[in-house]
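S.K.: Protein chains in written order, with my numbering: chain B, 85 to 343; chain V, -4 to 295.
C-beta: ideal position from N, C-alpha, C; glycine also.
Quick caveat: nothing in here was measured; it's all calculated off a predicted structure.
Before anything else, here's the structure in question.
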Amino acid sequence: MSVVDCHMLLGSGTGWWDLTHGGSWRPPIHGQTRVKFEVSQVLEACSRAGIDRACVVSPVNDSYEAANRLIAEACEKHPDKLIGIAAHSPYREEGRIAKLLTTEVRSMGLKAVRSEGHPSRELLDTAGELGIPLIYAPVLEPMQGPARMFYMLSEYYPDIPFILPHMNGYCPDYIAAMETIHHAKLLPNLYFDTSATMYVKYLERATRTVPIEKTLFGSCGPHLDARVAIETIRLLELPPEQEAKVKGGNILSLLKMAG
Amino acid sequence: MSHPFAPPARREFLRQVAGLTTAGAAALGCTWSAAATLENSPVPVIDCHVHVGTANQMIVPWNTIGDPEEILRNMRKGSIDRSVIFPMTNPNWYGSFELANREIVEICRRYPGKFIGFAKHDSVAEKGRIRDLLLREIVEFGLRGYKSHSPQPTLEVMETVAELKIPYLYHPRQVSDLVAVARDFPTVDMIMAHAGPYNRIASKSVESRLEAIEAAKTHANIYLETSRATETSLLEKALQEAGPAKLCFGSDAPDCDARLEAFKIRNAMASLNIPKEQQAMVLGGNLLRLVNKSGRQVVE
Chain B
85 MSVVDCHMLL GSGTGWWDLT HGGSWRPPIH GQTRVKFEVS QVLEACSRAG IDRACVVSPV
145 NDSYEAANRL IAEACEKHPD KLIGIAAHSP YREEGRIAKL LTTEVRSMGL KAVRSEGHPS
205 RELLDTAGEL GIPLIYAPVL EPMQGPARMF YMLSEYYPDI PFILPHMNGY CPDYIAAMET
265 IHHAKLLPNL YFDTSATMYV KYLERATRTV PIEKTLFGSC GPHLDARVAI ETIRLLELPP
325 EQEAKVKGGN ILSLLKMAG
Chain V
-4 MSHPFAPPAR REFLRQVAGL TTAGAAALGC TWSAAATLEN SPVPVIDCHV HVGTANQMIV
56 PWNTIGDPEE ILRNMRKGSI DRSVIFPMTN PNWYGSFELA NREIVEICRR YPGKFIGFAK
116 HDSVAEKGRI RDLLLREIVE FGLRGYKSHS PQPTLEVMET VAELKIPYLY HPRQVSDLVA
176 VARDFPTVDM IMAHAGPYNR IASKSVESRL EAIEAAKTHA NIYLETSRAT ETSLLEKALQ
236 EAGPAKLCFG SDAPDCDARL EAFKIRNAMA SLNIPKEQQA MVLGGNLLRL VNKSGRQVVE
């Protein structure tokens, strides 16, 4: 069984945390570089946690062209370890996304795209045409249940697999977790990753009530400890074939990659 | 590690957590109760933050139902010997925690050796009655500490807690609230729930967690409970800066999973190569020392 982490960070950016101030949670300030994750940190996090391969994406950035190129270069150097994910801001990069993303996927080998902000039609049309999953974490106030932001996306773009990071909440947040379960049952193309949730009881509920293909193992490493993320999955006590899907099979299948 | 509160020597530490007498240890129902063999006995692993019982209104899962059987199941799986339990947050049994605390007492008695009960009160709704209630709950019924959320405890609460020499597990609205109480009542051991308020979501709590570490470094009577750390690197920071003598393992079960919370703190201590004896303090010894300060025996 190949263990594939669907959510790791690589490169520098403004991020959601300020590592220059003890890791405090602060909304991105454009023009400031506040986080930086090296390839060596990603590889070490994988090695310590027993992760075979990691999907890597840039932290929040002012501009993603250079950041995505860095991701692609790292993947080229470590093809057996890293899987590249592009990132784009549908509004700051409006009008350029189709061209950029097409190149990043078809020429540079990136396998999916993360949308910083609610995805625009331009981004959705391009992702649909390229046949890649779209990762999107709605930024709303806590306890508001951002999963509802996927209603229209799912209805109008039924062929795009949407991945909701952190099971919708960056910590144990029962409303986020329950709404994720509800929406993942309701919307056939909505998936979620397990990173940073640390909510074993709701993950257990998800694996019981939502098709197992919808749960994707992720760690949000190296910012968070991938060993904790792996332990969270172990505590679910899933049958081996289900655990294999969650820990790698499901994301590889969405990315149309072999195990 | 440089911090002002150096851990006690091994012999002194074991003497403190044992509560001085074999009888005291036996009354706690600990598996390591024989004082004569303390040097070779393991310190119990104690989860110091668990909500148990039944609330009247079913609104949100984390303050409605805490099933002791579920707690015990995860304790077994997570190698946790005992848990500190107290009522659900939901204060709706006729505006009083009296019945809820009685439920805690009953659960402690039903599962001897497994739970250490803390009382909880609504300092506003139960104003004027708290001293009498708490004296009875601690002295007669065998509860061993006090737990509350914000708002700030009243003078009535604090004077009674000080009089009873019991530890106080407090989840304040902000770190400075707990610091103010700890400063005014230096003889009361204040345990900061979640090592700082988590401001609804943990990711926004980083600054308060850093503030909490500073508070634990500065004040002899402030301790940090470890639950709900999303950024587990902050547990490592707390261990390095406040020191193992100032941390108490807690899970905030049943909302959080005690097995995972135990893994997080064990993982953080292993990463830092914290000596086994100091790990034992974090995992249970520190809490036991605070509970034993009153010299009171528990009724189970």
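Taking P306 (chain B) and M92 (chain B) to be in contact with their CB atoms under 8 Å, please state how far apart those CB atoms are, rounded to whole angstroms.
M.R.: Taking the first sequence and counting its residues from 1, one reaches residue 306 (chain B) at position 222. Taking the first sequence and counting its residues from 1, one reaches residue 92 (chain B) at position 8. The beta-carbon separation of P306 (chain B) and M92 (chain B), rounded to 7 Å, stays under the 8 Å limit for a contact.
S.K.: Here's the rule: buried if 16 or more other CB atoms are within 10 angstroms of the residue's CB, otherwise exposed. What is M185 (chain V)?
M.R.: Sequence index remark: in the second sequence, residue 185 (chain V) carries index 190 (1-based). Looking at its Cβ environment, which holds 16 or more other Cβ atoms inside 10 Å, M185 (chain V) is buried.
S.K.: Thinking L207 (chain B) and P174 (chain B) are a contact (beta carbons under 8 Å), I'd like their distance in whole angstroms, please.
M.R.: In the first sequence, the residue the question calls residue 207 (chain B) occupies position 123. In the first sequence, the residue the question calls residue 174 (chain B) occupies position 90. So it is a contact: roughly 5 Å between Cβ atoms.
S.K.: Out of B:Y220, B:T117, B:A290 and B:K165, state which residue places its alpha-carbon closest to the alpha-carbon of A151 (chain B).
M.R.: On the first sequence, position 67 is the one that residue 151 (chain B) refers to. Looking at the Cα atoms, B:T117 is the closest of the given residues.
S.K.: Does L219 (chain V) have its Cβ less than 7 Å from a Cβ in chain B?
M.R.: Counted from its first residue, the second sequence places residue 219 (chain V) at position 224. By this cut-off, L219 (chain V) is not an interface position.
S.K.: Beta strand (DSSP E) containing C344 (chain B): first to last residue?
M.R.: Since the displayed chain B opens at 85 and closes at 343, residue 344 (chain B) lies outside it and no answer follows.
S.K.: If I follow the unbroken alpha helix (DSSP H) through L339 (chain B), where does it start and stop?
M.R.: For the purposes of this step, residue 339 (chain B) is identified with residue 255 of the first sequence, where counting begins at 1. Looking at the DSSP string, L339 (chain B) is not in any alpha helix (DSSP H), and its letter there is neither H nor E.
S.K.: Rounding to the nearest angstrom, what Cα-Cα distance links P239 (chain V) and L229 (chain V) in this structure?
M.R.: Within the second sequence, numbered from 1, the residue matching residue 239 (chain V) stands at position 244. Within the second sequence, numbered from 1, the residue matching residue 229 (chain V) stands at position 234. Approximately 13 Å, taken between the alpha carbons.
S.K.: Cutting at 8 Å between CB atoms, please list the residues of its own chain near L234 (chain V), excluding the five before and the five after it.
M.R.: On the second sequence, position 239 is the one that residue 234 (chain V) refers to. Counting only Cβ-Cβ distances below 8 Å, and skipping sequence neighbours, we find M(-4), L242, A263, M264, L267, I269 and V277.
S.K.: Exposed or buried, G343 (chain B), counting other C-beta atoms within 10 Å across all chains shown (16 or more means buried)?
M.R.: As a working mapping, residue 343 (chain B) is identified with position 259 in the first sequence. G343 (chain B) should be labelled exposed.
S.K.: Can you list, in chain order, the stretches of the beta strand (DSSP E) that have 3 or more residues and sit fully within the segment 92 to 166 of chain V?
M.R.: If one requires a minimum length of 3 residues, the beta strand (DSSP E) runs lying completely within the segment 92 to 166 of chain V are 110 to 115, 140 to 144 and 163 to 166, in chain order.
S.K.: Just to make sure I have the definition right: I need the residues of chain V whose C-beta is within less than 8 Å of the C-beta of P249 (chain B). Which are they?
M.R.: For the purposes of this step, residue 249 (chain B) is identified with residue 165 of the first sequence, where counting begins at 1. Residues of chain V passing the Cβ test: none, with the nearest at roughly 12 Å.
S.K.: For V197 (chain B) versus A182 (chain B), is the C-beta spacing smaller than 7 Å?
M.R.: Start at 1 with the first residue of the first sequence, and residue 197 (chain B) comes out as number 113. Start at 1 with the first residue of the first sequence, and residue 182 (chain B) comes out as number 98. No, Cβ-Cβ distance for V197 (chain B) and A182 (chain B) is not below 7 Å.
S.K.: Compare the C-beta of K271 (chain V) against all C-beta atoms of chain B and say whether one is closer than 7 Å.
M.R.: By one-based count along the second sequence, residue 271 (chain V) stands at place 276. No, because no Cβ of chain B sits closer than 7 Å to the Cβ of K271 (chain V).
S.K.: Could you give the residue range of the alpha helix (DSSP H) that holds F258 (chain V)?
M.R.: Reading the second sequence from its first residue, position 263 is the one you call residue 258 (chain V). Counting along the chain, the alpha helix (DSSP H) containing F258 (chain V) begins and ends at A253 to S266.
S.K.: Mind pulling the chain A residues with CB within less than 8 Å of L255 (chain V)?
M.R.: Absent from the structure: chain A. Protein chains present are B and V.
S.K.: Quick one: is V277 (chain V) near chain B, going by C-beta distance under 7 Å?
M.R.: Along the second sequence, read from residue 1 onward, the residue named residue 277 (chain V) stands at position 282. With 7 Å as the cut-off, V277 (chain V) does not count as an interface residue toward chain B.
S.K.: Taking the alpha-carbon of I217 (chain V) as reference, which of V:N281, V:T227, V:V45 and V:R223 has the nearest alpha-carbon?
M.R.: Counting from 1 along the second sequence, the entry for residue 217 (chain V) is found at position 222. Nearest option by C-alpha distance: V:N281.
S.K.: Tell me the DSSP secondary structure of I41 (chain V) in three-state form.
M.R.: The count along the second sequence starts at 1 and reaches residue 41 (chain V) at position 46. Of the three classes helix, strand and coil, the one that applies to I41 (chain V) here is strand, per DSSP.
S.K.: Are the segment 141 to 154 of chain V and the segment 110 to 129 of chain V touching by the rule of at least three beta carbon pairs closer than 8 Å?
M.R.: yes
S.K.: Have a look at B:C159, B:H202 and B:N145 and flag the residue whose alpha-carbon is nearest the alpha-carbon of F234 (chain B).
M.R.: As a position in the first sequence, residue 234 (chain B) is number 150, starting the count at 1. Here the closest residue by C-alpha is B:H202.
S.K.: Given a threshold of 16 other Cβ atoms within 10 Å of its Cβ, counted over all protein chains shown, does L287 (chain B) qualify as buried or as exposed?
M.R.: Looking up residue 287 (chain B) in the first sequence gives position 203. Result: buried.
S.K.: Taking 7 Å as the CB-CB limit, is C255 (chain B) close to chain V?
M.R.: As a working mapping, residue 255 (chain B) is identified with position 171 in the first sequence. Yes, C255 (chain B) counts as interfacial toward chain V.
S.K.: Using a Cβ cut-off of 7 Å (strictly closer), state whether Y275 (chain B) contacts chain V.
M.R.: Taking the first residue of the first sequence as 1, we reach residue 275 (chain B) at position 191. Judged by the 7 Å Cβ criterion, Y275 (chain B) is not in contact with chain V.
S.K.: Along the beta strand (DSSP E) that carries V119 (chain B), what are the first and last residues, could you check?
M.R.: Within the first sequence, residue 119 (chain B) is the residue found at index 35, counting from 1. Taken as a continuous stretch (DSSP letters only), the beta strand (DSSP E) holding V119 (chain B) covers V119 to F121.
S.K.: What do you get for G179 (chain B), buried or exposed, if any count of 16 or more other CB atoms within 10 angstroms of its CB means buried?
M.R.: Within the first sequence, numbered from 1, the residue matching residue 179 (chain B) stands at position 95. G179 (chain B) is exposed by the Cβ-count criterion.
S.K.: Looking at the unbroken beta strand (DSSP E) that takes in Y286 (chain B), where does it start and where does it end?
M.R.: As a working mapping, residue 286 (chain B) is identified with position 202 in the first sequence. From DSSP, Y286 (chain B) is part of no beta strand (DSSP E) but of the alpha helix (DSSP H) over V284 to T293.
S.K.: Thinking C-alpha only, which one of B:R318, B:R311, B:S303 and B:I296 is nearest G333 (chain B)?
M.R.: Position 249 of the first sequence, counting from 1, holds the residue named residue 333 (chain B). Looking at the Cα atoms, B:I296 is the closest of the given residues.
S.K.: Roughly how many whole angstroms lie between the Cα atoms of Q169 (chain V) and V176 (chain V)?
M.R.: As a working mapping, residue 169 (chain V) is identified with position 174 in the second sequence. As a working mapping, residue 176 (chain V) is identified with position 181 in the second sequence. If I take the Cα positions, the gap works out to 12 Å.
S.K.: If I'm right that S142 (chain B) touches G95 (chain B) with Cβ under 8 Å, what's the distance once you round it to whole angstroms?
M.R.: Here residue 142 (chain B) refers to the residue found at position 58 of the first sequence. Here residue 95 (chain B) refers to the residue found at position 11 of the first sequence. Between G95 (chain B) and S142 (chain B) the Cβ distance is about 5 Å, and since that is below 8 Å, they are a contact.
S.K.: Is it true that the CB of P217 (chain B) sits closer than 7 Å to the CB of I265 (chain B)?
M.R.: Numbered from its first residue, the first sequence carries residue 265 (chain B) at position 181. Numbered from its first residue, the first sequence carries residue 217 (chain B) at position 133. No, they are not a contact pair.
S.K.: Along chain B, in chain order, which residues have C-beta atoms closer than 8 Å to that of P192 (chain V)?
M.R.: The residue given as residue 192 (chain V) occupies position 197 in the second sequence. Those do not exist, as P192 (chain V) stays about 13 Å from chain B at its closest Cβ, beyond 8 Å.
S.K.: Would you give the residue range spanned by the beta strand (DSSP E) that Y218 (chain V) belongs to?
M.R.: Here residue 218 (chain V) refers to the residue found at position 223 when the second sequence is read from its first residue. Start and end: I217 to E220.
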